[in-house]
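Numbering (this note's numbering), first residue to last: 3 to 174.
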């Protein structure tokens, strides 16, 4: 029941952010709940109340290394600037120490938090095709152009930036 309430609150945050014009994909409570069930979400609390969220979506495997997309980083405006986004990004990086993490973001605050957690810019062409398909072409924000590339990918990252963090620990 508590997770369901969290999912509804976070969904409301994403919808409000999208309505404010922030480049955030609105999330449904059902999709967020699925992430909780799969144990791929983290939440932050400040002063005893829910104050932030981040999740990871499994994209597949390449060269025996699992790849996850880190996304849905959201902190309500009144809770920003106290480091919750940074803490959530860092915690997510350590949640998957043997995985390649990748994030696509259009939001400067998220890009800054991910950069502090060790994510670095990555060319879309450097992302293996088997990973790029679920990352880009099956994403709800995919905007195809004549070459079937995403509008943002065609612009060399354009409006959407790929940031990657390699595994912290090797599989050996």
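The beta-carbon is built from N, C-alpha and C at its ideal position, and this holds for glycine as well.
Bear in mind that the values here come from a model prediction, so they are computed numbers and not experimental data.
Please classify residue i: is it buried, with 16 or more other beta-carbons within 10 angstroms of its beta-carbon, or exposed?
{"i": "residue 98", "result": "buried"}
{"i": "residue 158", "result": "Unreliable positioning characterises residue 158 in this predicted model, as indicated by a pLDDT of 40, which lies under 50. The coordinate reading is nonetheless provided below. With fewer than 16 Cβ atoms within 10 Å of its Cβ, residue 158 is classed as exposed."}
{"i": "residue 38", "result": "buried"}
{"i": "residue 134", "result": "buried"}
{"i": "residue 128", "result": "exposed"}
{"i": "residue 72", "result": "buried"}
{"i": "residue 167", "result": "buried"}
{"i": "residue 43", "result": "buried"}
{"i": "residue 93", "result": "exposed"}
{"i": "residue 160", "result": "Reliability fails at residue 160, whose pLDDT of 45 lies under 50, so the model's placement of it is uncertain and the value that follows must be treated cautiously. So residue 160 ends up on the exposed side."}
{"i": "residue 47", "result": "exposed"}
Going by DSSP, which residues form a beta bridge with residue i?
{"i": "residue 72", "result": "58"}
{"i": "residue 51", "result": "48"}
{"i": "residue 129", "result": "In DSSP, residue 129 forms no bridge with anything."}
{"i": "residue 43", "result": "57"}
{"i": "residue 67", "result": "64"}
{"i": "residue 122", "result": "166"}
Could you say which of the options lies nearest to residue i if we only look at CA atoms?
{"i": "residue 62", "options": "169, 166, 20 and 136", "result": "136"}
{"i": "residue 74", "options": "58, 18 and 68", "result": "58"}
{"i": "residue 25", "options": "11, 110, 116 and 131", "result": "110"}
{"i": "residue 40", "options": "60, 106 and 29", "result": "60"}
{"i": "residue 33", "options": "50, 19 and 11", "result": "11"}
{"i": "residue 76", "options": "125, 66 and 116", "result": "116"}
{"i": "residue 19", "options": "125, 132, 112 and 126", "result": "112"}
Alpha carbon to alpha carbon, how far is residue j from residue i? Give it in angstroms, no decimals.
{"i": "residue 21", "j": "residue 78", "result": "13 Å"}
{"i": "residue 31", "j": "residue 5", "result": "10 Å"}
{"i": "residue 36", "j": "residue 9", "result": "9 Å"}
{"i": "residue 45", "j": "residue 28", "result": "17 Å"}
{"i": "residue 169", "j": "residue 91", "result": "14 Å"}
{"i": "residue 107", "j": "residue 95", "result": "16 Å"}
{"i": "residue 118", "j": "residue 69", "result": "20 Å"}
{"i": "residue 114", "j": "residue 81", "result": "16 Å"}
{"i": "residue 130", "j": "residue 120", "result": "20 Å"}
{"i": "residue 165", "j": "residue 64", "result": "17 Å"}
{"i": "residue 49", "j": "residue 122", "result": "32 Å"}
{"i": "residue 126", "j": "residue 132", "result": "12 Å"}
{"i": "residue 124", "j": "residue 7", "result": "36 Å"}
Using a Cβ-Cβ distance under 9 Å, would residue i count as near chain C?
{"i": "residue 46", "result": "Chain labels in this structure do not include chain C; a single protein chain is all it has."}
Below 8 Å, can you find three or more Cβ-Cβ pairs linking the segment 77-92 to the segment 53-62?
-> yes
Any chance the segment 92-106 sits against the segment 9-20, with 3 or more Cβ pairs inside 8 Å?
-> no
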